[in-house]
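Just so you know, we're using our numbering here: the sequence shown kicks off at 1 and counts up by one. Structure record follows, encoded as structure tokens.
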Amino acid sequence: MKKVLLPLLIFSALLMGCVSEEQQQNVTTPTKPEELPINESEIDETLSYLQKIENIDFNL
């Protein structure tokens, strides 16, 4: 059983490496900040969530 697991583990690690490398090559990143979409409501939600976290009293 152990003789089968080691080659299988090595093969799967190599396969995962190839897949992640291929995915990285297909990623295109915007070059200008203007190209990034800005979602104002998402920013507001995040800020309000962070403010709620700041107000939590951990000294119970």
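Think of the CB as a built atom: it goes at the ideal place given N, C-alpha and C, for glycine as much as any other residue. Source: prediction; values computed, not measured.
The beta carbon of M16 sits closer than 6 Å to no other beta carbon from its chain once the five residues preceding and following it are set aside. Going by DSSP, I53 is part of the alpha helix (DSSP H) stretching over E40 to E54. The straight-line gap separating the alpha-carbon atoms of A13 and Q51 is approximately 42 Å.
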